[in-house]
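Residue 604 is where the sequence shown starts when you use our numbering, and the numbers rise one by one after that.
The beta-carbon is built from N, C-alpha and C at its ideal position, and this holds for glycine as well.
Reading through the structure tokens given below for one structure.
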Amino acid sequence: MAFVSIGFNQLYKHSIMAIGYEHYAKTFEKNHNDFPINFTNKIVNGDSIDVLKKLPDDSVDLIFTSPPYNFGMSYDHHDDVNEWDHYFCSLWKVFDECIRVLRYGGRIIVNVQPSSSNYIPTHHIITKGFMERGLIWRSEILWEKNHRHCATTAWGSWKSPSSPYLKYTWEFVEVFCKGNLKHDGDSNNIDITANEFKTWVNARWTIAPETRMKNFGHPAMFPPELAYRVLKLFSFKNDVILDPFNGAGTTSLVAERTGRRYLGIDLSPEYCNIAEQRMKDEVLKDYSGILDEKLALAEKDKGSKDRESQKIQTHTLSDLFDIDTIV
Ligand SMILES: C[S@@+](CC[C@H](N)C(=O)[O-])C[C@H]1O[C@@H](n2cnc3c(N)ncnc32)[C@H](O)[C@@H]1O
């Protein structure tokens, strides 16, 4: 009888490999084409299904977007109330083009709101769709908005298990990779700081929602800080960043201000004008500065807590001393 000796490491490696992402991820060509100059640093008004067809395969480094959610938002040109099959079919026409134009090792990062009243788990359906197309699901960020409107929504069945209605104060950010978890880039083009990296690899991000939507005339914007964190954590300076549902242009604005190349596409001429205007006017906050201040405060707070606990320790020792004396 022949014995096959297999070490623990080997066994462990084999079992992990068998159940890892390789099981379903597709092999993509390791191609990288140049991004066309005539689409570089542009806001384009049009349907992404058509516009994306004009881009070469494998030419975009990172896609960050929030699609319309079919929740009945009053957008300028897009009808946000559709049969769900129709909605997902249109969405995949855009996302399939996104997968095609994304380069090997590129990321597609999608901000999705959990469904509230219609019980359609959009973020799960979108995740399943990307995995079925062979992309690697890399991570999920919980964007905690601490959303105030949740305090006032309906209860479903009040104080009864019959049909309680759950409220969400957060949204999700799902991260997918094409072909490889690793995205190659020039190390001179890394702009994330040590503090940013240490803080943002914790996948729960507390960021207040955009409060200026009325000013910009757009009903569903995400705040610049969300795009700022996504771009600095997942892309290099000079990378090509695409948002196929660009809205009032938050992704494009942050990409431009952080030294990346960008293309933003939206159906509405109105939103494209707003995006162009923001590109001229808006001063992007120094989010690293805010983070450094917060960390300094937390450090100070920790210092005072340490002093507190030292006091408690002294107190405990003196208690012991008393007991000793009594004894
Ligand atoms: C959730 S909003 C994006 C908002 C954006 N993240 C921001 O911060 O301003 C979705 C956008 O997708 C646009 N849209 C919907 N279908 C589209 C399509 N097929 N092609 C291009 N844009 C589309 C809508 O006009 C809307 O502005």
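Taking the alpha-carbon of residue i as reference, which of the options has the nearest alpha-carbon?
i	options	result
Glu735	Pro639, Leu658, Gly852, Ala628	Ala628
Glu896	Ser838, Asn798, Gly850, Met824	Asn798
Ile739	Thr861, Ile728, Tyr624	Tyr624
Val654	Val704, Lys633, Ser838, Glu813	Val704
Val713	Tyr690, Glu743, Glu700, Arg706	Glu743
Asn791	His727, Gly862, Gly906	Gly862
Asp679	Asp664, Pro822, Cys780	Pro822
Ile728	Ile702, Tyr690, Cys701	Tyr690
Lys656	Asn641, His635, Glu700, Asn634	Glu700
Cys875	Glu885, Asn849, His750	Asn849
Gln716	Phe733, Thr730, Ser669, Gly732	Ser669
Glu632	Leu898, Ile652, Gly732, Ile702	Ile702
Who are the Cβ neighbours of residue i in its own chain at under 8 angstroms, not counting the five residues just before and after it?
i	result
Trp758	Pro767, Tyr768
Trp687	Asn673, Ile723
Phe819	Ala851, Ile877, Arg881
Glu859	Asn644, Tyr865, Met882
Asn747	With the sequence shown as reference, residue 747 is identified as Glu, and Asn is not the correct amino acid for it. Closer than 8 angstroms at Cβ, skipping near neighbours: Thr772, Trp773, Arg807, Trp808, Thr809, Ile810.
Ser838	Asp664, Leu665, Arg710, His786, Gly788, Ile844, Arg863
Arg741	Arg710, Val778, Phe779, Cys780, Leu784
Arg706	Asn634, His635, Asn636, Asp661, Ser662, Val663, Asp664, Lys781
Asn749	Thr772, Thr809, Ala811
Lys817	none
Does the beta-carbon of residue i have 16 or more other beta-carbons within 10 angstroms, so that it is buried, or is it exposed?
i	result
Ser855	buried
Tyr545	Lying before the first or after the last residue shown, residue 545 is absent from the chain, which here runs from 604 to 930.
Thr643	exposed
Val778	buried
Leu900	exposed
Gly867	buried
Asp846	buried
Val776	buried
Ile893	exposed
Ser907	exposed
Asp800	Note that residue 800 corresponds to Phe in the displayed sequence, not to Asp. That one is exposed.
Glu813	buried
Asp842	buried
Throw me the rounded Cβ distance for the residue i and residue j pair, which I believe falls under 8 angstroms.
i	j	result
Pro639	Pro659	7 angstroms
Asp794	Lys840	5 angstroms
Phe667	Val833	5 angstroms
Ser891	Thr796	6 angstroms
Pro826	Leu887	Contact flag wrong, Cβ pair sits at about 11 angstroms.
Under 7 angstroms Cβ to Cβ from residue i, same chain only, skipping five residues before and after it: list those, please.
i	result
Lys785	Gly708
Ser718	Pro724, Thr725
Leu836	Ile795, Trp803
Ala830	Phe667, Thr853, Thr854, Val857
Asn685	Asn673
Ser760	Ser766, Pro767
Thr730	Trp740, Glu777
Glu885	Leu856
Looking only at its own chain, which residues have a Cβ that is under 6 angstroms from the Cβ of residue i, when we skip the five neighbours before and after it?
i	result
Lys815	For the sequence presented, residue 815 should be read as Arg rather than Lys. None.
Gly737	Ala628, Lys629
His681	Pro671, Leu870
Leu923	Confidence is the limiting factor: at Leu923 the pLDDT is only 34, short of 50, which leaves the residue's position unreliable and the question unanswerable from this model.
Phe733	Phe779
Leu745	Trp773, Arg807
Should the region 643–659 be called in touch with the region 868–875, which here means at least 3 C-beta pairs below 8 angstroms? Taking 8 angstroms as the limit for Cβ pairs, the verdict is that the region 868–875 does touch the region 643–659.
Can we say the region 873–885 touches the region 686–694, given the rule of at least three CB pairs closer than 8 angstroms? The answer is no - the region 686–694 does not touch the region 873–885, with fewer than three Cβ pairs under 8 angstroms.
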